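Student: For the sequence shown, our numbering begins at 250 and goes up steadily by one. Mind looking over this structure? Questions follow.
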Amino acid sequence: MDAKSITITKPDDWHVHLRDGEMLKQIAGYTARQFGRAIIMPNLATPVTTVAMAAAYRDRILKATQDYSRFQPLMTAYLTDTIDVQELVNGHKEGVFTAAKLYPANATTNSAAGVSDIKKIYPVLEAMQKIGMPLLVHGEVVSHEIDIFDREAVFIEQIMEPLLKDMPELKVVFEHITTQDAADFVESQSNHMAATITVHHLQINRNDMLVGGIKPHLYCLPVAKREQHRLALRKAATSGSGKFFLGTDTAPHAIGDKESACGCAGIFSAPHALENYLQVFEEEGALDQFEAFASLNGPTFYGLPVNNQKITLEKVSQQVPLMIGQKSLAISPYKADKTLSWRLKVNAKNI
Ligand code: DOR
Ligand code: ZN
């Protein structure tokens with residue numbers, strides 16, 4: 250029989266871009282409405298590299314999400330070639346930095362200050378290994394000679410494998426995996442390694458982005474791959490393995506910055522993330538695995554308690570708005586103008 254509603258432990262989003270300033274005010278509520286906690290990416294125009302910057306950013310996020318008073322932003326540090334080890338360790342001990350993010354320099358939006366050679370930050374990674382601070386990895390090489398569709402697979406070989414050999418106890422999240430290679434690799438590793446999977450990589454392949462006209466709103470990094478990889482990700486997410494959990498990588502850009510001669514990478518999936526993920530689990534006949542993926546595996550990996558609230562999604566159709574936000578900051582949300590078959594029930598209790 251078809252399910253009409255599903256109630257699960259309140260989920261968390263383990264990979265979110267909330268931006269800053271007016272954009273933060275405009276979009277933060279969408280994440281806070283759906284999730285108990287979110288791992289906040291540090292790739293602001295000025296990267297979040299100090300405890301003070303992260304604490305101040307956290308305050309701005311709390312202000313922007315005050316309608317959802319239980320929402321908890323979990324902050325991350327942006328690793329650079331020259332990041333101060335002691336700052337990172339102190340930030341983790343003080344409970345400000347939940348994790349640290351590794352962007353290979355120039356891999357994606359606001360990553361120019363990222364790491365140019367992983368060996369340069371080995372002392373930092375060793376300290377993180379010692380204190381059990383998770384490393385969150387944007388896993389793509391940036392060399393010009395490597396085809397964009399191969400960058401994740403090559404990263405595994407050139408960077409991830411050697412890193413895990415050198416630091417077998419380091420907790421690593423392979424963020425937003427997009428390939429069968431990454432799913433197989435993560436599954437084959439110890440329980441120090443896990444991966445987040447976005448909803449768009451479970452739902453779209455590169456044809457959706459490129460056939461019948463280019464769809465800039467489906468362009469993100471790592472870029473969507475061929476169908477075989479999408480199917481492998483769906484299998485991994487719904488397999489029941491504790492190594493895979495929810496991370497939307499929701500990344501808003503104003504419409505003008507996406508529909509441009511040099512369009513920005515990022516998909517704004519926050520408004521209906523849960524509805525879309527649930528659709529995938531339903532299609533895969535795996536509704537019974539949804540709670541583990543959305544609400545349990547993440548906290549277990551991070552060593553945090555699961556949320557004590559519940560949420561309910563109902564089989565009620567809804568239409569995604571064509572646009573969200575105001576004037577020059579208006580955004581085209583993921584699945585704009587499409588009809589979804591599930592709807593999150595929001596009531597005072599889960600705020
Ligand atoms: O598509 C993406 N957008 N991938 C990233 O890695 C960064 C993000 C952003 O910040 O816009
Ligand atoms: Zn991201």
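Ideal Cβ positions, reconstructed from N, Cα and C, are used throughout, including at glycine. Keep in mind it's a predicted model, so treat the numbers as computed, not measured.
To the nearest whole angstrom, what separates the beta carbons of residue 473 and residue 450, a pair I think is in contact under 8 Å?
Tutor: Walking along the sequence shown from the start, residue 473 turns up at place 224. Walking along the sequence shown from the start, residue 450 turns up at place 201. About 6 Å separates the two Cβ atoms, so the contact holds.
Student: Residue 556 CB to nearest chain C CB: under 7 Å?
Tutor: No chain C is part of this structure, which consists of one protein chain only.
Student: Between which residues of its own chain and residue 294 is the CB-CB distance below 8 Å, once the five residues before and five after are set aside?
Tutor: Locating residue 294 in the sequence shown gives position 45, where the first residue counts as 1. So the list reads 269, 359, once near-sequence residues are dropped.
Student: Does the distance between the C-beta of residue 299 and the nearest non-hydrogen atom of the ligand DOR fall short of 6 Å?
Tutor: Along the sequence shown, read from residue 1 onward, the residue named residue 299 stands at position 50. No, the ligand DOR has no heavy atom inside 6 Å of this Cβ.
Student: Would you kindly report the start and end of the unbroken beta strand (DSSP E) that includes residue 254?
Tutor: To locate residue 254, count along the sequence shown from 1; it is residue 5. Segment 254-258, the beta strand (DSSP E) holding residue 254.
Student: Cβ of residue 261 versus every heavy atom of the ligand ZN: is any distance shorter than 6 Å?
Tutor: Along the sequence shown, read from residue 1 onward, the residue named residue 261 stands at position 12. Incorrect: residue 261 has no Cβ contact closer than 6 Å to the ligand ZN.
Student: Compute the Euclidean distance between the alpha carbons of residue 321 and residue 282, then round it to the nearest angstrom.
Tutor: In the sequence shown, residue 321 corresponds to position 72, counting from 1. In the sequence shown, residue 282 corresponds to position 33, counting from 1. Rounded to the nearest angstrom, the two C-alpha atoms are 11 Å apart.
Student: What do you get for residue 265, buried or exposed, if any count of 16 or more other CB atoms within 10 angstroms of its CB means buried?
Tutor: Counting from one through the sequence shown, the residue named residue 265 turns up at place 16. It counts as buried.
Student: What separation, rounded to the nearest whole angstrom, lies between the Cα atoms of residue 318 and residue 482?
Tutor: The count along the sequence shown starts at 1 and reaches residue 318 at position 69. The count along the sequence shown starts at 1 and reaches residue 482 at position 233. In a straight line, the C-alpha of residue 318 is about 33 Å away from that of residue 482.
Student: Listed by chain order, which residues have C-beta atoms less than 5 Å from any heavy atom of the ligand DOR?
Tutor: Matched residues: 266, 357, 358, 469, 470, 500, 514, 515.
Student: Using beta-carbon positions only, say whether residue 493 and residue 535 come within less than 7 Å of one another.
Tutor: Residue numbering aside, residue 493 sits at position 244 when the sequence shown is read from its first letter. Residue numbering aside, residue 535 sits at position 286 when the sequence shown is read from its first letter. Against a cut-off of 7 Å, the Cβ pair of residue 535 and residue 493 comes out as no contact.
Student: Could you compute how far the alpha carbon of residue 296 sits from the alpha carbon of residue 352?
Tutor: What you label residue 296 is simply residue 47 of the sequence shown in a count that begins at 1. What you label residue 352 is simply residue 103 of the sequence shown in a count that begins at 1. When rounded, the distance between both Cα atoms is 11 Å.
Student: Residue ranges of each alpha helix (DSSP H) run of no fewer than 4 residues wholly in the stretch 475-531, ordered along the chain?
Tutor: As far as the stretch 475-531 is concerned, its whole alpha helix (DSSP H) runs of at least 4 residues are 476-487, 504-507.
Student: Go through its chain and collect everything with a Cβ distance to residue 277's Cβ below 7 Å, but skip five positions before and after it.
Tutor: Start at 1 with the first residue of the sequence shown, and residue 277 comes out as number 28. Once the five neighbours on either side are set aside, the close Cβ partners of residue 277 are 267, 310, 313, 314.
Student: Are three or more beta carbon pairs between the stretch 523-540 and the stretch 371-383 nearer than 8 Å?
Tutor: Short answer: they don't touch.
Student: One question on the structure: do residue 507 and residue 570 come within less than 7 Å of each other, judged by their Cβ atoms?
Tutor: Position 258 of the sequence shown, counted from the first residue, corresponds to residue 507. Position 321 of the sequence shown, counted from the first residue, corresponds to residue 570. It is not a contact, given that the beta carbons lie outside the stated cut-off.
Student: Less than 6 Å between the CB of residue 634 and some heavy atom of the ligand ZN, yes or no?
Tutor: Residue 634 lies beyond the residue range present for the chain, which begins at 250 and ends at 600; the question has no answer from this structure.
Student: Between the C-alpha atoms of residue 500 and residue 418, what's the straight-line distance to the nearest angstrom?
Tutor: By 1-based counting over the sequence shown, the position of residue 500 is 251. By 1-based counting over the sequence shown, the position of residue 418 is 169. Straight-line Cα distance between these residues: approximately 31 Å.
Student: Cβ of residue 324 within 6 Å of any heavy atom in the ligand ZN?
Tutor: Here residue 324 refers to the residue found at position 75 of the sequence shown. Every heavy atom of the ligand ZN is 6 Å or more from the Cβ of residue 324, so no.
Student: Over the uninterrupted alpha helix (DSSP H) stretch that includes residue 401, give me the two end residues.
Tutor: On the sequence shown, residue 401 is found 152 positions in, with the first residue counted as 1. Unbroken alpha helix (DSSP H) run through residue 401: 400-404.
Student: By how many angstroms is the C-alpha of residue 290 removed from the C-alpha of residue 263?
Tutor: To locate residue 263, count along the sequence shown from 1; it is residue 14. To locate residue 290, count along the sequence shown from 1; it is residue 41. Straight-line Cα distance between these residues: approximately 9 Å.
Student: If we ignore side chains and look at the alpha-carbon of each, how far apart do residue 455 and residue 427 end up?
Tutor: Position 206 of the sequence shown, counted from the start, is the residue given in the question as residue 455. Position 178 of the sequence shown, counted from the start, is the residue given in the question as residue 427. The alpha-carbon atoms of residue 455 and residue 427 are separated by roughly 11 Å.
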